[in-house]
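J.: Residue numbering for the sequence shown follows the working numbering, beginning at 22 and increasing consecutively.
Glycine included, each C-beta is placed from N, C-alpha and C at the ideal position.
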Amino acid sequence: MMQTIAAIDVLGDVRKILNATGLHKTYGSVAEMLASSDTVREGEIVGVPALGHWYVGAKPGAGNPHLTMASGSGLHVMPRSKGVWHAGAWGLDPTGQVPCHSEVDAAIQVALQSSDTPVVLMPSGTFLFRNKAGAALTRDQRFTLKGTGATTIYMAAGGFSIQGEEFLTTTLAEAVGEEDRYALLTDVTGIEVGDTFVVAADVSLETGWNYDKLDIRRVIKIEGNKLWVHKPFRWPHDPAETGHRVNVFSPAEGNISGIHFLSDGNSYGAPKVVLSRLTGGTLSDGSYTGKTVGWTGGIFMDGPHLVNCVGVHLSWDITNGRYCPHVSASYGCRYHDATVKGIRHFDTNSWSEDNVFENIIGLQTQGVVQSHPNTGNIFRNITDSLMDDILAGYDLRGLGETIEHCRSVSVARQGKSNTCAPLIKSEWLPQCTKYIRRVSDYYAPRLTMRHGKDGWNIYENVRSHDIKGQWNEAAHTRIFIDPSCVSRTTDAAAAPDKDANEQRGPVIVPFVKHYRSNADPVAIDAISEASPAVVTAAGHGLTDGDVVWIYDGSGEHYQMQTHARVANASADTFEVMSLDGTPFDYTAPVAPYSSGGKVTRQEEVDCINAGAHPATGHLGKMHFLTKLAEGLTGSSSYTREFTYRAYHQDNIDQQGRNAIFTFRAGSGANLSERRFHVGYDQVNPSSAILTEIGDFDSDNGALDITDVSATRHLQSEVTAEGTSFWPGDFGARYFIAFSVTVTAAEAVDWLEVEVEDWRNSPLRDDVIAFR
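1. Measure the CB-CB distance between R622 and Y755 and report whether it falls below 8 angstroms.
2. Whose C-beta lies closer than 8 angstroms to the C-beta of A558 among residues of the same chain, with five residues either side of it excluded?
3. At the level of alpha carbons, what is the spacing between Y701 and Y536?
4. If you run the structure through DSSP and keep just helix, strand and coil, what is V774?
5. Measuring only between beta-carbons, confirm whether L158 sits less than 8 angstroms from chain D.
6. Specify, as a first and last residue, the run of the alpha helix (DSSP H) that L55 falls within.
7. Starting from the Cα of W723, find the closest Cα among D462, A766, E773 and give me that residue.
8. Determine the contact status of K242 and V214, defining contact as a CB-CB distance below 8 angstroms.
9. For G562, which residues from the same chain have a beta carbon less than 8 angstroms from its beta carbon, with the 5 sequence-adjacent residues on both sides left out?
10. Let me make sure I understand the geometry here. Which of I339, Q391, G383 has the alpha-carbon closest to that of D416?
11. Assign A128 to buried or exposed, taking buried as 16 or more other Cβ atoms, counted over all protein chains shown, within 10 Å of its Cβ.
12. Among H265, C345, G353, L772, which one has its Cα closest to the Cα of S693?
13. How many angstroms separate the CA atom of S182 from the CA atom of T664?
14. What does a CB cutoff of less than 7 angstroms around P527 pick up in its chain, not counting 5 residues either side in sequence?
15. Roughly how many angstroms separate the alpha carbons of E742 and N268, rounded to a whole number?
16. So, for G301: in the same chain, excluding its five sequence neighbours on each side, which residues have a beta-carbon less than 7 angstroms away from its beta-carbon?
17. Would DSSP call H122 helix, strand or coil?
18. Which runs of the beta strand (DSSP E), 3 residues or longer, sit entirely within the segment 294-334?
19. Using the DSSP secondary-structure output, state which residues sit across from D718 in a beta bridge.
20. Can you have a look at D368 and say buried or exposed, based on whether 16 or more other CB atoms are within 10 angstroms of its CB?
21. Could you tell me which of Q452, E422, V295 sits nearest to R459, measuring between CA atoms?
22. Hey, S278 and T303: beta-carbon distance below 8 angstroms or not?
23. The alpha helix (DSSP H) spanning T740 covers which residue range?
24. Mark A91 as exposed unless 16 or more other C-beta atoms lie within 10 angstroms of its C-beta, in which case mark it buried.
25. Does DSSP classify L653 as helix, strand or coil?
26. If distances are taken between C-alpha atoms only, which option among V569, N478, A631 comes closest to V533?
27. What number of angstroms, rounded off, separates the C-alpha of E199 from the C-alpha of G419?
28. Could you work out which residue in C628, R428, A690 is closest to R661 when comparing CA atoms only?
29. Whole angstroms are fine: how far does the CA of W570 sit from the CA of N276?
30. Do V377 and I399 have their C-beta atoms within less than 8 angstroms of each other?
31. Applying the 10 Å Cβ sphere with the 16-neighbour rule, what's the burial state of T603?
32. For a quick check, are the C-beta atoms of V769 and V763 less than 8 angstroms apart?
33. According to DSSP, is G342 helix, strand or coil?
34. When the Cα atoms are used, what is the spatial distance from L142 to I212?
35. So what does C453 bridge to, in DSSP terms?
36. Compare the Cα-Cα distances from Y203 to each of G245, L335, L468, N85 and report the closest residue.
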C-alpha cells in the first residue's frame, strides 16, 4: 500500500525540528530501532546518527506510518533535504540475503508524494529484489534513483521500472498522410503542448518480423482537436485500420545513476530495468549484467528497456545478454560511452526513430551495429569484436541508417552477413525512396555488406569482404560507391584485392572447391541431444568420412544447416562432425528435433564462385573469365565438369537473372567457340536453362566443343533436400552444374568460359557506380 505523510510536516530542516521538540532517543542501527520496545510519541524525534537517518513519531491511530517499531509506535522517515530521501532509512539489508524490494518501493512512493523532483538515495551494499519496484510519474515529474557508493541491486525476480503517465487513449478523427505535420484526434482532453503521442495500427510493414506500423510524435501546437507535431509522419495512418489507436502521455523524466544491476534470468521474462513513456532522463555511472552470454542456446535476455521514450540517454556498461539495450518505439534516445561484453545485438525496433549509438567498445560481441525495423539510427565510433563467425559486421533492417567510423573485427574465415536490409512489403516501397543509408569509414574485412530498399545506399571509404545487393532489392534502390572503397576476399584461391566498384572486365576468377549433391536426400527420423549429435536416418547408406548436407528441419538451429562429415556410421545412424572433425553439439538447440530434416550425400567439385571475387557480384552485370583446363595432350575427347554459383551468399531469389556463357577451346591456331543463354527461372523446374545462341569452329571440326550440358540445382532441388529458403546456409545450396566436352584431333592448349551475368541492365539508371 502506498504510504503517505500525515499529521506532521516532515519536510523541514532536521535542526529546526530538533530545536522545537528535542531529541527523544538515538540507536546504533535501523534494525535496533525497529526492534525496540521504546514508546515514541507524536512529534518526538529518534534517529540513527551514524547513518544520518532521522524519524518523527506518527500520530497514534493514523494507520499510515512509514515504519512501525516493536512497541507499536509509528514513525515517519524524515528527508535529507526537500525531496531527497534515503532508502536506507527503511532498514535495507546490505548483504543481499534478505529481500528489500518492498522497502525500496516504499521509499520511492513517499518521495514521489513529496516533490516534483524527488530523489531516492541507495546506500552501499547488495540489495535483493524478488518482486517489482519502481516509480510511476505524474505530469512534469522528475525522479532520480541514485547510488551513494558501491551499490548493487540483484534482481532475482521482478525488476525495476520508471514510467510516465499515459493519461489518454483515443483515435484519429481523420486519416493522416505521409509527411503530414498535424493530426486530428477524436479526443484531446487534457493534452498540452509538450505531450507525446503514439499513433499505431496492427498493419505489418515488413515481411520478416511483423512489426506494426507506428509513429511517435511530440505536440508543438494545439488548435482545437488539431495537434501539430515536431516532425512529419513517416507513414500514412487511417482510423479504419485494424487495431488503430492513439496513446497520449505527458512529460516526465526518470534518472538512475551510480547503481549496478544484476539480473538472474535468461529469457524474455527475466528481470530487467525498464524506462517507459519518458520524455527525458539518463541511466549513467552504472552497469547491467545478465546471467548468460547472449548467443548461447536459446538465450533472449533483453537487458535495459526503453519503451515509448523520447530523448533518454543511456551510458551503462552492459554484460551478457541478447538485444541489449532494447529500444522500442522510441525517438531521439542515445546509448553512448560504454563497453559491452557477451552481447548479441543492440536492438531498436517497432519503428523507433533517430536514435544514436556512439563511442562503444564491444568485447566478445555479435552484431553491435544492429537494429530491427527503425528509421534514421546513427551508429558512430563503435568497435564490434566478434568471437565466432556469426553476424560478422552490421545487421541493419531499418531505413536510412548512418554508420560512421565503425569497425567489425571477426574470427570468421570468410564474409558473413545477416539480413542487412529492410524487408519492406511492396505496397510500402514508395515511402522508402526518401531515405538514405550512408556507410562511411567502415572497416570490416570479413563482412559481406548488403543494401536493400532504402532508396539511396551510399558507401564511402569502406573496407569489407564484399558489397552487393539484397536478394529482394527493389528497382528504385540507388547505390553510390566512392572510389576509396575496397573489398577484400579471404579465399586463398581467389585473385588479389581489387576495388569492388570497378568493373573493367572481364575479370579472371579462379576455381574454388564446392560440395554438390550426388544422391537423393534421406529423411531424418531423430537427432539426439548430445555432443556429437547422433542422427537416425533409416537406410541412409553413408559411410565414415562421407560429406553430407544436413538440415534438421527447425530452420533455427543453424549448426544443423550446413555441410558435415559422417563418423561411426551404422545401418541407420551416424554421428555428425564438422569438416575439420569437431563434434556437432546438439545439447542445447533452439528446440528438440521433431520432423522435416533431411541428409544428402555430397561430392567435392570445382566451382566458379563468382561472388567470392571482390570485383564481381555488385554491379548490375558481372563479367569474368575462368580457365577450365590447359595443356591437354593427344587427340581425344575431354570432358570438364564444374559448378557455377552466381553469389556465394544469399543466392535465394535469382528470378530475373540472365547470363551468357561462352565456352572457348584453343589448339595451336585453331579455335572452337559455343555460346549459350542461361536462364534462372527457379519456380518452374521444367523451364529450359541452356539455349544455344552461337557455334563457331575455325577448322571445321578438327577442334570442336561437341557437347555442353547444364543441370539446375536451384529452388526446387534445394527444397526437395529439406533446406529452408532462408537462411539456407546463405545460399550454399544454389548452383548450376555444367559439363563441357571437347573433341580434338590435336593437343588442346586451353579451355575457358567467359560469363556475362545480369540481374538487370548493366546501365540501369538506378545504380550509380564509380567507373
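T.: Reading off the structure:
1. no
2. V543, A544, I545, D546, D593, T594, F595, V620
3. 20 angstroms
4. strand
5. Note that chain D does not occur in the displayed structure, where there is just one protein chain.
6. 51-55
7. Before going further, note that residue 723 is Ala rather than Trp in the sequence given. Closest option to A723, Cα to Cα, is A766.
8. yes
9. A540, V543, R622
10. Q391
11. buried
12. L772
13. 57 angstroms
14. H644, F645, L646, E775
15. 48 angstroms
16. E274, G332, V333
17. helix
18. 294-297, 302-305, 308-310, 326-328
19. S693
20. buried
21. E422
22. yes
23. 736-741
24. exposed
25. strand
26. A631
27. 17 angstroms
28. C628
29. 53 angstroms
30. yes
31. exposed
32. yes
33. strand
34. 33 angstroms
35. Per DSSP, none; premise fails for C453.
36. G245
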